[in-house]
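Protein chains in written order, with this note's numbering: chain A, 155 to 374; chain B, 155 to 374; chain C, 155 to 374; chain D, 155 to 374. For each residue, glycine too, the CB sits at the ideal point set by N, CA and C. None of these values were measured; they are calculated from a predicted model. Notes to accompany the following structure.
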């Protein structure tokens, strides 16, 4: 468009300080709000232990959600290490990404309720499909983020190659495909299989956050 | 008053680090709290899907509010890029601005409830008017912010001209006028028309955040 | 004790970055949580407006609390500008100060409820006394903060004199005395007089945050 | 693996800015959410004072939890002062540590409820045991953190010796042993004795945060 600053190769829009601080605030709140779902069980005197044991599914859902948000935070941590400065466009993509993070407690709660007490087999298929669709949708802004960086190499941090960024696009594409596959498994075959697929995908993202970490293509 | 620092043209009061951090915290909490309104629908076994579909208005309200707070954050991001340092007066104006941000979930919830289930046509007119008044009121501190900066050019960041800041005052003035018009439309003509006016105004602020972004008047 | 760093006059413990970030997080959450008290009124179709008007006391309480927390944040902003680095002792005093901030929504809610609907005259005296005691108690850590700084001048920021810090102690002492007086007024004379005393004191702290701002005694 | 940066001894992964900001966000939210448990007591007109007095156990639980989270924050503050940069592994350990922080309101609420009104003696033993197990479990990531640092001295801040870090491992080990002992006391002997043991341990961590503070072994 114009702009001496950009022509000279200096950061074209702004540093990522506020982007980082705002994102970390959102992550911190989402991961902390999860504990609100853990409640002192209503119980008769002398039956606290029984009451606590009956809440076991809520603890499992809490740990799963905590782990999932933690994995996304680690991935986001690594994502922003690729970037030196940000633009309005990248800020929009980051807001889209945070939308996926903010939403996640909702399908998690639906999944926990369907497996814990409220649901029959049909409800569990619905819950697994909803969760898988939410997770697949959350992969889309990551693909947009990598693609935007690839088209705007001036935003990249020092020593980060365009080829490295382009290679990272495989991860959200894999995520979208396999989350959708997990949803289809859960809907058509078995809800438990769908959940297993989702847990495997979270583990995949946990393990591959290491891959983004180095700021250059990993050797394999 | 005094003060060698001010006379010499160095930042007269303090850098904007805490102003930024505090504001980002408020934005992050408001945008995250919105998900609390999404709840697992009470349902009979096998009817989870029906229950989820019936909650559709809550999802629309959630997305609208998320987008609205996101747009305000982007605008605030650009706003603070005009500023090098802050004063007690500017901190007060920023608190006023944050008051408008913190409030917004309330008229949003009223609007969603009026359209979803609780309201008749009269209630919808009330809800649209309330929303429009809240949005118009939120424009006032932005005008105060630009006007304060215009009168205190020593606070401006490097390369930001007073003329550019003065020109930005057109945006909150437009916002106030057209939000009030949307409210009048909703009250006197049709609630749906009023909502359309509000959505158009949010889109206007989304598009013009770009205008503030460059730190100088845009060419048209 | 030891420590080359301290002997050389460099910051004895740590910079105030985390102290600031943690405090701003607490302030941002407290000021944002206040909106949770604003709820869509339960109403019959066509009576939304009536329902909203009946909630007026809740809006007043919200605005008062927002203003109060905002004033405390501004004072805290100015307080930390006196400080270059922090110690374990100062961190403890800051935690004590934040305890007072975190608590404030509770006496505010009690006050609002007593005046809005739940209370008779006796309840209002109780509520005003509780609020005044909480506000007086909140002044204590500010006195401790200034006294600690006075005894540890190495922690002071550049150009901040011990005399200036010592002079600031008058403010929390005034606060404690007059908040207690407001509570006594509310208890023995009239709850409304007590509330007026409290509002005057909040305004006093709003106005005198300017006094701390300059990092040196103001001329009068 | 590779990496000139690491070979040269420069920070191998990333600075601790986001780790710090994210952690402080979590701490700020947990410590602020505690006030949500304080509610205006339902009461008949004229009986607000009685209602407030009956809530005394909730105030004690609030103060205890506030103090506990505050102590953990101070310890975490000192912990990160040992560190210059972070890795994926250390980020995981920090997430594990934050899991313990986020969880703590839950056993606190169980403990308060068991002592306040809902519980008999058996319930109190259960609640004390649960609290002690949660506190003991929270010590584990601290041990992992110190051990990780000991094995990766390149992450240590300037002037921090490996011997100092290794010595710090005594604190979480003491914590785990004595929290478990407190739980056993509460379960087999007396719930009140168990609570006293837990309070003593919180005080121990408050006092020894000073020990970590200096970045080198204390002289005794």
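So what does DSSP say about residue i, is it helix, strand or coil?
{"i": "residue 192 (chain D)", "result": "coil"}
{"i": "residue 368 (chain D)", "result": "At residue 368 (chain D), the pLDDT of 43 sits below 50, so the modelled position is not reliable; the number obtained from the coordinates is stated separately. Looking at residue 368 (chain D) - three-state DSSP - the assignment turns out to be coil, as it is neither helix nor strand."}
{"i": "residue 344 (chain B)", "result": "coil"}
{"i": "residue 355 (chain C)", "result": "helix"}
{"i": "residue 199 (chain D)", "result": "coil"}
{"i": "residue 174 (chain B)", "result": "helix"}
{"i": "residue 315 (chain B)", "result": "coil"}
{"i": "residue 209 (chain C)", "result": "coil"}
{"i": "residue 325 (chain D)", "result": "helix"}
Does the beta-carbon of residue i, which I'm using as the reference point, lie nearer than 8 Å to any heavy atom of the ligand GTP?
{"i": "residue 239 (chain C)", "result": "With respect to small molecules bound, the structure shown includes none, and the ligand GTP cannot be examined in it."}
From this set, the options, which residue's C-alpha is nearest residue i's C-alpha?
{"i": "residue 298 (chain C)", "options": "C:253, C:206, C:326", "result": "C:326"}
{"i": "residue 296 (chain C)", "options": "C:252, C:261, C:206", "result": "C:252"}
{"i": "residue 285 (chain D)", "options": "D:222, D:175, D:171", "result": "D:222"}
{"i": "residue 289 (chain D)", "options": "D:351, D:193, D:185, D:198", "result": "D:351"}
{"i": "residue 321 (chain B)", "options": "B:336, B:335, B:301, B:347", "result": "B:301"}
{"i": "residue 354 (chain A)", "options": "A:225, A:197, A:241", "result": "A:225"}
{"i": "residue 195 (chain A)", "options": "D:260, D:347, D:219", "result": "D:260"}
{"i": "residue 209 (chain A)", "options": "A:197, A:236, A:324", "result": "A:197"}
{"i": "residue 347 (chain A)", "options": "A:312, A:333, A:169", "result": "A:333"}
{"i": "residue 176 (chain D)", "options": "A:309, A:281, A:185, A:330", "result": "A:185"}
{"i": "residue 257 (chain A)", "options": "B:214, B:249, B:244", "result": "B:214"}
{"i": "residue 323 (chain C)", "options": "C:182, C:363, C:243", "result": "C:363"}
{"i": "residue 189 (chain B)", "options": "B:270, B:247, B:263, B:291", "result": "B:263"}
{"i": "residue 335 (chain B)", "options": "B:316, B:314, B:287, B:358", "result": "B:287"}
{"i": "residue 278 (chain D)", "options": "D:180, D:200, D:340", "result": "D:340"}
{"i": "residue 242 (chain C)", "options": "D:192, D:227, D:205", "result": "D:227"}
{"i": "residue 308 (chain C)", "options": "C:293, C:281, C:204, C:239", "result": "C:239"}
{"i": "residue 345 (chain D)", "options": "D:249, D:275, D:304", "result": "D:275"}
{"i": "residue 266 (chain C)", "options": "C:305, C:342, C:191", "result": "C:191"}
{"i": "residue 204 (chain C)", "options": "B:359, B:343, B:281, B:304", "result": "B:281"}
For chain G, is any of its Cβ atoms less than 9 Å away from the one on residue i?
{"i": "residue 169 (chain C)", "result": "The chain inventory of the structure shown lacks chain G, comprising the protein chains A, B, C and D."}
Using DSSP's beta-bridge definition, name the partner residues of residue i.
{"i": "residue 168 (chain B)", "result": "B:240"}
{"i": "residue 310 (chain B)", "result": "B:237"}
task: Identify each residue in the stretch 212 to 224 of chain B for which the Cβ-Cβ distance to at least one residue of chain A is less than 7 Å, and report them in chain order.
output: 220, 224
Could you list the residues in the stretch 301 to 329 of chain C with a C-beta less than 7 Å from some C-beta on chain D, going in chain order?
The residues in question: there are none.
| message | Please give me, in chain order, every unbroken run of the beta strand (DSSP E) with length at least 3 that falls completely inside the stretch 236 to 306 of chain A. | response | Taking only runs of at least 3 residues, no beta strand (DSSP E) segment lies wholly in the stretch 236 to 306 of chain A.
- Query: Using a beta-carbon distance cut-off of less than 9 Å, what residues from the stretch 176 to 192 of chain A approach chain B?
  - Reply: 176, 177, 178, 179, 180, 181, 182, 183, 184, 187, 190
Given a limit of 9 Å on CB to CB distance, which residues of the stretch 251 to 277 of chain D reach chain A? 252, 253, 255, 256, 257, 258, 259, 260, 263, 264, 266, 267, 268, 272, 273, 274, 275, 276, 277
Positions along the stretch 276 to 299 of chain B whose CB lies within less than 8 Å of some CB in chain C: 276, 277, 280, 281, 284
Give, in chain order, every residue of the stretch 223 to 239 of chain B whose Cβ lies closer than 7 Å to some Cβ of chain A. Listed by position along the chain: 224, 227, 228, 231, 235.
field: Chain-ordered residues of the stretch 198 to 209 of chain B with a beta carbon less than 8 Å from chain A
entry: 199, 200, 201, 202, 203, 206
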